[in-house]
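Asks:
Number of protein chains: 2
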Amino acid sequence: MAVHTLKITPIKNGTVIDHIPNGLALEVLHIIGVQTLDKDSTVSVAMHVRSGKLGWKDIVKVENMELSPRKVNAIALIAPTATIAIIRDYKVREKRSVDLPERILGILKCPNLNCISNQPEPLESEFVVSKRKPVVLTCAFCARAVDDLLHHLA
Amino acid sequence: MAVHTLKITPIKNGTVIDHIPNGLALEVLHIIGVQTLDKDSTVSVAMHVRSGKLGWKDIVKVENMELSPRKVNAIALIAPTATIAIIRDYKVREKRSVDLPERILGILKCPNLNCISNQPEPLESEFVVSKRKPVVLTCAFCARAVDDLLHHLA
Chain F
0 MAVHTLKITP IKNGTVIDHI PNGLALEVLH IIGVQTLDKD STVSVAMHVR
50 SGKLGWKDIV KVENMELSPR KVNAIALIAP TATIAIIRDY KVREKRSVDL
100 PERILGILKC PNLNCISNQP EPLESEFVVS KRKPVVLTCA FCARAVDDLL
150 HHLA
Chain L
0 MAVHTLKITP IKNGTVIDHI PNGLALEVLH IIGVQTLDKD STVSVAMHVR
50 SGKLGWKDIV KVENMELSPR KVNAIALIAP TATIAIIRDY KVREKRSVDL
100 PERILGILKC PNLNCISNQP EPLESEFVVS KRKPVVLTCA FCARAVDDLL
150 HHLA
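For the record, the sequence lines run as chains F and L.
Each residue of the first sequence is one higher than the one before, starting from 0 at the first, in numbering that gives the first Met the number 0.
Each residue of the second sequence is one higher than the one before, starting from 0 at the first, in numbering that gives the first Met the number 0.
1) Between residue 145(L) and residue 136(L), how many whole angstroms is the CB-CB distance? I'm expecting something under 8 angstroms.
2) Pop quiz: residue 24(L) and residue 71(L) are said to be a contact at Cβ under 8 angstroms. What is the actual Cβ separation, rounded to whole angstroms?
3) Following the continuous beta strand (DSSP E) through residue 104(L), name the residue where it begins and the one where it ends.
4) Given this structure, state the Cα-to-Cα distance separating residue 102(L) from residue 148(L), to the nearest angstrom.
5) If contact means a Cβ-Cβ distance below 8 angstroms, which residues of the segment 123-151 of chain F contact chain L?
6) Would you say residue 81(F) reaches chain L, if we count a Cβ-Cβ gap shorter than 8 angstroms as a contact?
7) Going by CA-CA distance only, name the one from 84(F), 98(F), 138(F) that's closest to residue 129(F).
8) Report buried or exposed for residue 150(F), applying the criterion of at least 16 other Cβ atoms within 10 angstroms of its Cβ.
9) Can you list the residues of chain F that residue 21(L) reaches, using a CB-CB cut of under 8 angstroms?
10) Spell out the partners DSSP gives residue 68(F) in its beta bridges.
11) What number of angstroms, rounded off, separates the C-alpha of residue 83(L) from the C-alpha of residue 21(F)?
12) Quick check for students: name the residue ranges of the beta strand (DSSP E) that lie wholly in the segment 106-149 of chain F, counting only runs of 3 or more.
13) Residue range of the beta strand (DSSP E) that residue 42(F) falls in?
14) Could you give the C-beta distance for residue 86(F) and residue 13(F), rounded to a whole number, given that I count them as a contact under 8 angstroms?
15) Would residue 12(L) pass as an interface residue toward chain F - the criterion being a Cβ-Cβ separation below 8 angstroms?
16) If we count the other Cβ atoms within 10 Å of its Cβ and call it buried at 16 or more, is residue 3(L) buried or exposed?
17) Rounded to whole angstroms, what is the Cα-Cα separation between residue 120(L) and residue 111(L)?
18) Give the range of the beta strand (DSSP E) segment to which residue 10(F) is assigned.
19) Grab me the residues of residue 141(L)'s own chain with a C-beta within less than 6 angstroms of its C-beta, minus the 5 sequence neighbours each way, in chain order.
20) By the three-class DSSP mapping on this structure, what secondary structure does residue 35(F) have?
21) Taking 6 angstroms as the limit between beta carbons, can you name the residues of its chain near residue 41(F), skipping five residues before and five after?
22) I need the boundaries of the beta strand (DSSP E) containing residue 54(L), first residue and last residue.
23) Please identify the residue among 51(F), 48(F), 127(F), 123(F) whose C-alpha is closest to the C-alpha of residue 99(F).
24) Roughly how many whole angstroms lie between the Cα atoms of residue 26(L) and residue 74(L)?
25) Would a check of beta-carbon distances place residue 46(L) closer than 8 angstroms to chain F?
26) Quick one: does residue 41(L) have its CB under 8 angstroms from some CB of chain F?
27) Below 8 angstroms between beta carbons: does that hold for residue 46(L) and residue 57(L)?
28) What first and last residue would you give for the beta strand (DSSP E) that runs through residue 84(F)?
29) Determine the closest residue to residue 78(L) out of 19(L), 10(L), 11(L), with distance taken between C-alpha atoms.
30) Do the CB positions of residue 44(L) and residue 134(F) come within less than 8 angstroms of each other?
31) Quick check: what's the CA-CA separation for residue 9(F) versus residue 15(F)?
32) Just the C-alpha distance for residue 66(L) and residue 76(L), rounded to the nearest angstrom, thanks.
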């Protein structure tokens, strides 16, 4: 019966994002832009998995994709415990933790509807990391503070 | 290196939804209500996987959950090719195709904002399946036709 042998096979090239906080894999997929990926590159997700370090965690594995620095920053925002491994030719070529930068460009939408970043002319959102644990961001344009980051992903 | 051995382990009790059309696993997770599940029951998702029958497909596996008939109907709407296997004590106890019923209750939201089902009093949406291939639904209250089902999940 196929059920017992279903497994996530190793990927030749791609990215493994491990140690995602429990239950946040779908937000990571949203940041990656999974709906825009090639429909012939396999994406594997495991949610609510036992983890020695975290108790429970999520894992995301994406074939034929390497993350842009901007997407790594976005993942750092919502999943600061995450580790990212780049796979090339079946081997882990690079492994790193995500790291929250001082400024976040274009990932979140300012909740202040009157903010200049929400006006019709194209203007990229920009937030300053004003507190790190837990993360609080401040809009560089209108100084609105944002702490419920998940609700403001652009 | 963990990457090579990462696999979806067999589940003791739960549900496997296989043969989901390529790229629609996240919509199936939305229907299941993955965000409301226990955070200690593992959910595994594989998107864009090679399939003999379909060319490419998605698979969703959820521990400790059996689908209500209403959710099976909802899956039938967006993933008519899906098969559902119920696992109990590591064995497949039941396997079936999804089947589109004649009426769909409470899964979609009528796109007609003036429809009585969208008024403040609680009134469950109801659609009649007016065409099957491709699926077209008609609102039982206002007769508005809906064919882009993915955009109208409640």
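The beta-carbon is built from N, C-alpha and C at its ideal position, and this holds for glycine as well.
Quantities reported herein were computed from a predicted structural model and do not represent experimental measurements.
Replies: Reading off the structure:
1) 5 angstroms
2) In fact, because the Cβ distance is near 16 angstroms, the residues do not count as touching under 8 angstroms.
3) 102-104
4) 14 angstroms
5) none
6) no
7) 138(F)
8) exposed
9) 38
10) Bridge partners of residue 68(F): none, in fact.
11) 26 angstroms
12) 125-131, 134-138
13) 42-50
14) 5 angstroms
15) no
16) At residue 3(L) the pLDDT is 43, less than 50, meaning the model places this residue with poor confidence and gives no usable figure here.
17) 16 angstroms
18) No beta strand (DSSP E) contains residue 10(F), which DSSP labels as neither H nor E.
19) 111, 114
20) helix
21) 62
22) 54-62
23) 127(F)
24) 9 angstroms
25) yes
26) yes
27) yes
28) 82-87
29) 19(L)
30) no
31) 10 angstroms
32) 15 angstroms
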